[in-house]
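**Student:** So for the sequence shown, my numbering puts the first residue at -6; every next one is plus one.
Every residue gets a Cβ at the ideal spot worked out from N, C-alpha and C, and that includes glycine.
Nothing here was measured: the structure is a model prediction, and the numbers come from that model.
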Amino acid sequence: MKHTGACLCGKVAFEVEGTFDSFFLCHCERCRKDTGSAHAANLFSSTARLRWLTGQEEIRTFDFNASGHIKSFCGTCGSALPNVQMDGALLVVPAGSLDTDIPIRPDAHIFMANKANWDFELESVPGFDGPPGESEG
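1) Restricting to Cα atoms, I'd like to know which of Asp100, Glu51, Cys19 and Val9 is closest to Gly29.
2) Should Gly130 go down as buried or exposed, given a rule of 16 or more other Cβ atoms within 10 Å for buried?
3) Could you tell me which residues DSSP pairs with Gln78 in its beta bridges?
4) Going by the CB atoms, is the gap between Ala109 and Ala34 shorter than 9 Å?
5) Which residues in the same chain have their Cβ closer than 6 Å to the Cβ of Cys21, if we skip the five residues on either side of it in sequence?
6) Apart from the five residues on each side of it in sequence, which residues of its chain come closer than 8 Å, Cβ to Cβ, to Pro75?
7) Suppose you measure from the CA of Thr47 to the CA of Ser72; what does that come to, to the nearest Å?
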């Protein structure tokens, strides 16, 4: 299976060939800081291969306190990008960076003990197809 993705500004584009082993929604404090959201949504693969199509020179990588909590991102727009960890043994792909459909659903929410205090019953929050006020009939 082949997937493509890019950053928000379009300077960095990539291709992932292979399958994903797992898909986790991580609520740890570091992932919440990384994303500015309730959780990170990352795909993991031990066999898929990453190929940069454009903009590899724009990519920045941050390893929090050399702890292995690694985030790669576009140096221009800040969008999260894939990275290879564990001496090449693990590919981590932010799900939102892909332009292609993801063939699997998340396997689990992880680090739920650290989730944001406002992250509950989100399915009951009103939803709109666009900005509030525009999609109301």
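**Tutor:** In short:
1) Cys19
2) Here the model assigns Gly130 a pLDDT of 48, short of 50, so the residue's position is not dependable and the matter cannot be decided.
3) Leu83
4) no
5) Phe104 and Asn107
6) Gly(-2), Phe7, Val9, Leu43, Ser65, Leu84, Val85, Val86, Pro87 and Ser90
7) 15 Å
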